[in-house]
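*Asks:* Before I ask anything, let me first share the structure, which is written out below as structure tokens.
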Amino acid sequence: MDPKPDVWQGTLALMVLKTLEAMGPLHGYGIARRIEQTSGDVLSVNYGTLYPALLKLEQEGYITSEWGVSDNNRKAKFYKLTRAGRKHLEKETQEWEQATEIVARFLAPEKSS
Amino acid sequence: MSSLRALGLRFTGLFYKERKDGELAAELESHLQMHIADNVRAGMSPAEARRDALIKLGGLDQTKERYRARRGIPFLESLLQDIRFGLRMLRKSPGFTAVVVLTLALGIGATTAIFTVVNTVLIRPLPFKQPSSLVMLWENFPYCTKCPFSAPDFTFLQRSQNSFESMGIFQNRELDVSDNGRPERVMAARVSASIFPILGIEPLFGRTFTSEEDTSGNNVVLLSYRLWQRRYAMDKGIIGRSIEIDRQPYIVVGVMPLGFTFPIAPVVTGLFSSSHPAELWIPMAFTRTELEGWGSMYNSDVIARLEPRTTIAQADSEAELLSNGLSALYPPAVLKALDVARIKLAVYPYQREVAGPVREPLLVLMAAVGLVLLISCTNVATLLLSRAAARQRELAVRSALGATRARVVRQLLTEGLLLAAVGGTIGLMLARWGMRSLLSLAPPDIPLPQQVSIDVAVVAFVGGISILTALLFGLAPALQLSGLALQQVVEDGARSVTSGRAKQRLRGVLVTIEFAMALVLLVGAGLLIRSFAKLLQANLGFRPDHVLTLSLPLPYNAYPKAALIRSLYQQLLEQIAALPGVAAVGFSNDLPLENRDSEGFQIERSDSGTINRSLDATWVLGNYFEATGISLLQGRWFTAEDRADSQSVAIISQTLAQRFWPNEDAVGKRIRWGTSPKLPWRTVVGVVNDVNDRASGRARVYMPYLQVPDGAVQENVVGEWRSMNLAVRTRTDPETLGPAVVRKIHSLDPDLAVAHIRTMTQVLSSSVAAPRFNTVLVGIFGGVALFLAVIGVYGVLSYMVTEQTHEIGIRIALGAEHAEILGLVLRQGAKLAGAGVAIGLFAALGLTRLLRGLLYGVSVTDPLTFAGVAVLLMSVAMLACYIPARRAARVDPMVALRYE
């Protein structure tokens, strides 16, 4: 039922960090919607998987959370990128680009031959 | 780094769960509200909006569960749950828990205590540099194996050998330290200068001896830390100062570090057993007499360090070769006089030499301890099996409700480990306490007792035992139970009459094994106790009550001449005899119970042939026989007329008389002390009874002190005739006479150190310290084993009765008498115990042979002990069975039938 947890968790974490970098502090629902908008249907069925991922990032010190008030005056928990998170995002992005590049190189000739 | 941080946070996630759950609920609620609001704005009805939001979230509870899994550590959580549940189960049956924990604690405690002592004595390396390459060398003669070395033999060996890096020689001594007007006799050692480099020991400060000092006439001394502390108030200025040793000035050159023990307890049981380590070291510095004394004064121990890459076997074969060279170097006349063709040299590992004499008892103790541990494990296994049977239904229900097999196994293992942990902890405390009591009981000749402490190896050993035990008993019932099919349990429950025959049999077998092992231990204990009793009742051949003894060595510098020595002893004899309450006074070089080296004798047979034999020699002065209570069987005592200028005489022991002159009158026969033809034949004038003290041979020759040649009396190398022992027979309590005797001695010479003031009863008691130690220990183990076996059979029968309540109820309902039921249960117990006792008897017959060396006056298959132990074990077992049997007999059939 679940996608491969490692890949999924890794990509989801990256998406969360990227979202927070682009949007600034944001609550879980907002992150979920944003990811959904950007990625299509990856998250469409299961917003719930986002919360353990947020918790993990927080435990690892890449994001912090704080209760605040949303645009619609609703109480919500806001997540914010930390300095460590920024650095981690940078590193992960680089690695991700490298990885995709390599995979792409593998896939490309296959298609052509 | 960040994953470590995450692990830490996850660990803290185990706590404050409620608050965090609340926070999560609030967060998810706000998420849902926002989503619903968006959906409503998009045109959904409120109900539809909520449904959609929940679906998109993927279920509220599922999300929470996933979140929680990330928050904490699931494995740890279920472990904590197991532990909590386990603790609750154990609390619910306190009797069971107490018995199992106690069983484990006893097993582990005893094992650890003994292991620690054994570890120290047998396994732990000596506190010297590279102890594995240290060896000891001995000389072997046909009548004396492992004899110490003489000075010329050592000199030859040192010069000719190639196998050793270096060699050292040492000798125990007692010396008077008499500066500051406080005479004190201390243990000391003469050591060659090479000893300290061989051992790899540096002084605390100052220096050790130089090889130049290792020649006669250099009065330098090393102090032990303790002596430095006690006598010289830890004054560092002591270096270079002169102190008085045996009335001679010695220059202090160094102080040895605290804890330096050398020589390591030369194991001698008896009066001069050096239970106290040496406190002074003086150079060996062989005298000319010693260096030229071929064929005499074999009184020094040799230690050596092997060359690198030389094995003991290689060194030993070189020693074998050197034996020829040495024998060739001996003056032929001496060899002839010694009655040997060849002297053989042998090499042994030092470690084993130190541990040697206590090795056998310690191994027996290890075996006993292993048995106790086995019994305690078996016991715990039995108890857990019984309990597992009682918990069948609970576990069946749990697995029906979805607990996986692994989960059940883990639960049971956790319970087992919990028991092991509690038992192990208490066991460790018991071990600490037991070790201390063990050492306080220990005879003084166990090497290195002051250094025994529980160390990492021991803790690892105990941990290993604990965990192994836990696995052993935890796994067996767990696997057995978790494999159960649900129907089987339900069916069994419906007709619990037939419940688990196979399991009952297994428990029965375990109890039987337990009884067998307990019997072996108890037989061993019984034999040792009987032997000890025999030892105490043994006809000693002298009367130890009302005898005061002390040792009175006269230092060479104050007493250089034989006349002075003789006169002091003679004066004391007269003055002490005049004290009130004194019945008889005598001196000898060799009190009963004291182990002294034997000497060479020539015996003239009736056919005029002579035989050379090594016999115990005792020189006596005054009324020695009367003072010690040795009685005359034939002939006469020595008198004041048996002097240097009269006929040379001897008194011999009964055994000696019978051995050489059987069916003849020994009085009038001739014997020669020493083998040189220059020495006179001595006429046997009397025969006395044997002294049965185990410390020495029974073949003993007594000779008058007055007939010791002047040269021998005044010589200071062996010093045997200038360090006589006083024996005073008193009419009152001998201890009260001590001060008066010492005052008399000090009135003649205030600087004289008096050593070993003890009553003969005290000497006797310390001479049986080793057998008492073994007996007490094995006795304790026997007691523990008995206790454990009884608990085992009681536990099994109790559970059997519980299981059979239904069956018993039916029997009673059908008219069975109380006595029949009682008999039924007792028979079951008797069958188990009886089988165990029978097997144990056979095992014991084979195993008690190991005790042979430790027994005195009792055969290893002593029928009385075997029968007694069997009867004891059976009756105690029956007593333990009686309690559940009575409970069975009182079963109310109505209750029993409704019980299901």
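Chains A and B, in that order, are what the protein sequence lines are. Sequential numbering of the first sequence, starting at 1, is according to this note's numbering. Sequential numbering of the second sequence, starting at 114, is according to this note's numbering. The C-beta atom is built at its ideal place from N, Cα and C for all residues, glycine as well. Nothing here was measured: the structure is a model prediction, and the numbers come from that model.
1. Mind checking B:A138: buried by the 16 CB within 10 Å criterion, or exposed?
2. In chain B, which residues lie less than 9 Å from A:S70 when you measure between Cβ atoms?
3. Threshold first: 4 residues or longer. Then list the alpha helix (DSSP H) segments lying entirely within the segment 728 to 796 of chain B, N to C.
4. Using the three-state DSSP reduction, which class does B:W394 fall into: helix, strand or coil?
5. For B:R418, write down the residues that DSSP places opposite it in a beta bridge.
6. Name, please, each residue of chain B whose Cβ falls closer than 8 Å to the Cβ of A:N46.
7. For A:K75, would you say it is in contact with chain B, using Cβ-to-Cβ distances shorter than 7 Å as the test?
8. Are the Cβ atoms of B:R320 and B:A301 separated by less than 7 Å?
9. Which of the three DSSP states, helix, strand or coil, is assigned to B:S430?
10. Note down, one range per segment and in chain order, each beta strand (DSSP E) of at least 3 residues found wholly within the segment 862 to 935 of chain B.
11. Under 8 Å, with one C-beta from each stretch per pair, do the segment 271 to 279 of chain B and the segment 361 to 379 of chain B reach the 3-pair mark?
12. Are the C-beta atoms of A:G24 and some chain B residue less than 7 Å apart?
13. In whole angstroms, what separates the C-alpha of B:I765 from that of B:N412?
14. Just the chain A side, please: which residues come within less than 7 Å of B:L122 by C-beta, in chain order?
15. Do you know whose CA, among B:A432, B:E431, B:S430 and B:R455, lies nearest B:L442's CA?
16. Just to make sure I have the definition right: I need the residues of chain A whose C-beta is within less than 7 Å of the C-beta of B:E140. Which are they?
17. Here's the rule: buried if 16 or more other CB atoms are within 10 angstroms of the residue's CB, otherwise exposed. What is B:T731?
18. How many angstroms separate the CA atom of B:V380 from the CA atom of B:V467?
19. So, are the CB atoms of B:A481 and B:F894 less than 7 Å apart?
20. Let me confirm a value: A:V69 is counted as buried when at least 16 other C-beta atoms fall within 10 Å, else exposed. Which label applies?
21. Are the segment 994 to 1003 of chain B and the segment 642 to 659 of chain B touching, with three or more C-beta to C-beta distances below 8 Å?
22. So that I know if they touch, is there some Cβ in chain B lying closer than 7 Å to that of A:L55?
23. Should A:T100 be flagged as near chain B, meaning a C-beta pair shorter than 7 Å?
24. If we define contact as Cβ-Cβ less than 7 Å, is B:A519 a contact residue for chain A?
25. Roughly how far, in whole angstroms, is the beta-carbon of B:V989 from the beta-carbon of B:V903, given that I think they are within contact range, below 8 Å?
26. Going along chain B, which residues have a C-beta under 9 Å from A:T49?
27. So who's on the other strand from B:C490, going by DSSP bridges?
28. Rounded to whole angstroms, what is the Cα-Cα separation between B:G735 and B:T752?
29. Among residues of its own chain, excluding the 5 on either side of B:S664, which ones have a beta-carbon nearer than 6 Å to its beta-carbon?
30. Quick check on this structure: which residue in B:T268, B:V971 and B:A631 has the alpha carbon closest to the alpha carbon of B:G220?
31. Which whole-angstrom value is the C-beta distance of B:D975 and B:N725, which I expect to be below 8 Å?
32. Using CA atoms only, rank isn't needed, just tell me which of B:T374, B:L167 and B:D862 is closest to A:G48.
33. Does the segment 875 to 886 of chain B touch the segment 638 to 651 of chain B, meaning 3 or more C-beta pairs lie closer than 8 Å?
34. Which residues share a DSSP beta bridge with A:S65?
35. Tell me the residue span of the beta strand (DSSP E) that contains B:A302.
36. In its own chain, which residues sit with a C-beta less than 7 Å from the C-beta of B:G824, not counting the 5 before and 5 after it?
*Replies:* Concretely, from the data shown:
1. Stepping through the second sequence from its first residue, residue 138 of chain B is reached at position 25. Under this definition B:A138 is an exposed residue.
2. On the first sequence, position 70 is the one that residue 70 of chain A refers to. Those within 9 Å of A:S70 in chain B are S143 and M147.
3. 737 to 741 and 767 to 773
4. In the second sequence, the residue the question calls residue 394 of chain B occupies position 281. Residue state, collapsed to three classes: strand.
5. Here residue 418 of chain B refers to the residue found at position 305 when the second sequence is read from its first residue. Answer is B:L247 and B:S279.
6. As a working mapping, residue 46 of chain A is identified with position 46 in the first sequence. Per Cβ cutoff of 8 Å: K169, L170 and G171.
7. To locate residue 75 of chain A, count along the first sequence from 1; it is residue 75. At least one chain B Cβ lies under 7 Å of A:K75.
8. Taking the second sequence and counting its residues from 1, the one referred to as residue 320 of chain B is at position 207. Taking the second sequence and counting its residues from 1, the one referred to as residue 301 of chain B is at position 188. Cβ atoms of B:R320 and B:A301: not closer than 7 Å.
9. The count along the second sequence starts at 1 and reaches residue 430 of chain B at position 317. Looking at B:S430 - three-state DSSP - the assignment turns out to be helix.
10. Complete beta strand (DSSP E) runs here, min 3: 868 to 872.
11. no
12. Translated into positions along the first sequence, residue 24 of chain A becomes position 24. A:G24 does not count as touching chain B.
13. Reading the second sequence from its first residue, position 652 is the one you call residue 765 of chain B. Reading the second sequence from its first residue, position 299 is the one you call residue 412 of chain B. Looking at the two C-alpha atoms, the distance is approximately 25 Å.
14. Here residue 122 of chain B refers to the residue found at position 9 of the second sequence. Here the neighbours are Q59.
15. Position 329 of the second sequence, counting from 1, holds the residue named residue 442 of chain B. Measuring from the Cα of B:L442, the nearest candidate turns out to be B:R455.
16. Here the question's residue 140 of chain B lines up with position 27 in the second sequence. Per Cβ cutoff of 7 Å: G28 and K77.
17. Here the question's residue 731 of chain B lines up with position 618 in the second sequence. Buried, because 16 or more other Cβ atoms sit within 10 Å of the Cβ of B:T731.
18. Counting from 1 along the second sequence, the entry for residue 380 of chain B is found at position 267. Counting from 1 along the second sequence, the entry for residue 467 of chain B is found at position 354. Confidence at B:V380 is low in this model, with a pLDDT of 40, below 50, so the placement of that residue is unreliable and no value is reported for it.
19. Taking the first residue of the second sequence as 1, we reach residue 481 of chain B at position 368. Taking the first residue of the second sequence as 1, we reach residue 894 of chain B at position 781. Taking 7 Å as the Cβ cut-off, B:A481 and B:F894 qualify as a contacting pair.
20. For this step, residue 69 of chain A is matched to residue 69 along the first sequence. The residue in question, A:V69, is exposed, as its Cβ has fewer than 16 Cβ neighbours within 10 Å.
21. no
22. As a working mapping, residue 55 of chain A is identified with position 55 in the first sequence. By this cut-off, A:L55 is an interface position.
23. Position 100 of the first sequence holds residue 100 of chain A. It does not; no Cβ of chain B falls within 7 Å.
24. Indexing the second sequence from 1 puts residue 519 of chain B at position 406. It does not; no Cβ of chain A falls within 7 Å.
25. Working through the second sequence from its first residue, we reach residue 989 of chain B at position 876. Working through the second sequence from its first residue, we reach residue 903 of chain B at position 790. Right, their Cβ atoms sit about 6 Å apart.
26. Along the first sequence, read from residue 1 onward, the residue named residue 49 of chain A stands at position 49. Result: G171, T176 and R179.
27. Counting from 1 along the second sequence, the entry for residue 490 of chain B is found at position 377. DSSP, once it has assigned bridges, lists no residue as partnering B:C490.
28. The count along the second sequence starts at 1 and reaches residue 735 of chain B at position 622. The count along the second sequence starts at 1 and reaches residue 752 of chain B at position 639. Rounded to the nearest angstrom, the two C-alpha atoms are 8 Å apart.
29. Position 551 of the second sequence, counted from the first residue, corresponds to residue 664 of chain B. Answer for B:S664: N838, A868 and H869, listed in chain order.
30. Here residue 220 of chain B refers to the residue found at position 107 of the second sequence. The candidate whose alpha carbon is nearest that of B:G220 is B:A631.
31. As a working note, residue 975 of chain B is residue 862 in the second sequence. As a working note, residue 725 of chain B is residue 612 in the second sequence. That belief does not hold up - the Cβ atoms of B:D975 and B:N725 are roughly 38 Å apart, past 8 Å.
32. Start at 1 with the first residue of the first sequence, and residue 48 of chain A comes out as number 48. Cα-wise, what sits closest to A:G48 is B:L167.
33. yes
34. Counted from its first residue, the first sequence places residue 65 of chain A at position 65. DSSP lists A:Y79 as partners of A:S65.
35. On the second sequence, residue 302 of chain B is found 189 positions in, with the first residue counted as 1. Note, B:A302: beta strand (DSSP E), E297 to V304.
36. Numbered from 1 along the second sequence, position 711 holds the residue referred to as residue 824 of chain B. The answer is none, since no qualifying residue turns up.
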